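Q: Dropping the structure in here first, questions after.
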Amino acid sequence: MNPHLLEREIEHLETVVRYISGHRRGIPLRYWQQRVEVLSGFADTHSLRSRVQTLRQALAAMQSREAA
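FYI, in this note's numbering the residues of the sequence shown are 122 to 189.
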């Protein structure tokens, strides 16, 4: 994946995850988790891998709150 596109996708997902963490959402969490997983295969630097991991953790925390 083009590094510039990867950066933009991660930025987009970071924005979405921040938004949905405090608002009602229409798209299931699983969709966002799958988007993050696809990007994880392209994250080739420590910085990008760290950001993807942060997204994974945030989505997992939201899923746990929903299940409770």
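Cβ coordinates follow ideal geometry from the N, Cα and C atoms, glycine included. Nothing here was measured: the structure is a model prediction, and the numbers come from that model.
Determine the extent of the alpha helix (DSSP H) in which Ile141 is found, giving its start and end residues.
A: Along the sequence shown, read from residue 1 onward, the residue named residue 141 stands at position 20. It spans 124-143 - the alpha helix (DSSP H) in which Ile141 sits, taken as one unbroken run.
Q: Given this structure, state the Cα-to-Cα distance separating Glu132 from Gln184, to the nearest angstrom.
A: In the sequence shown, counting from the first residue as 1, residue 132 sits at position 11. In the sequence shown, counting from the first residue as 1, residue 184 sits at position 63. Roughly 21 Å separates the two Cα atoms.
Q: In angstroms with no decimal places, state the Cα-to-Cα distance between Pro124 and His144.
A: For the purposes of this step, residue 124 is taken as the residue at position 3 of the sequence shown. For the purposes of this step, residue 144 is taken as the residue at position 23 of the sequence shown. Near 30 Å, if we compare the C-alpha coordinates of His144 and Pro124.
Q: Please state the DSSP three-state secondary structure of Ala189.
A: Along the sequence shown, read from residue 1 onward, the residue named residue 189 stands at position 68. The answer is coil: DSSP assigns Ala189 none of H, G, I, E or B.
Q: For Ile164, which of helix, strand or coil comes out of DSSP?
A: Against the sequence shown, residue 164 aligns to sequence position 43. The displayed chain sequence assigns Ala, not Ile, to residue 164. In this structure, Ala164 counts as coil in the three-state DSSP scheme.
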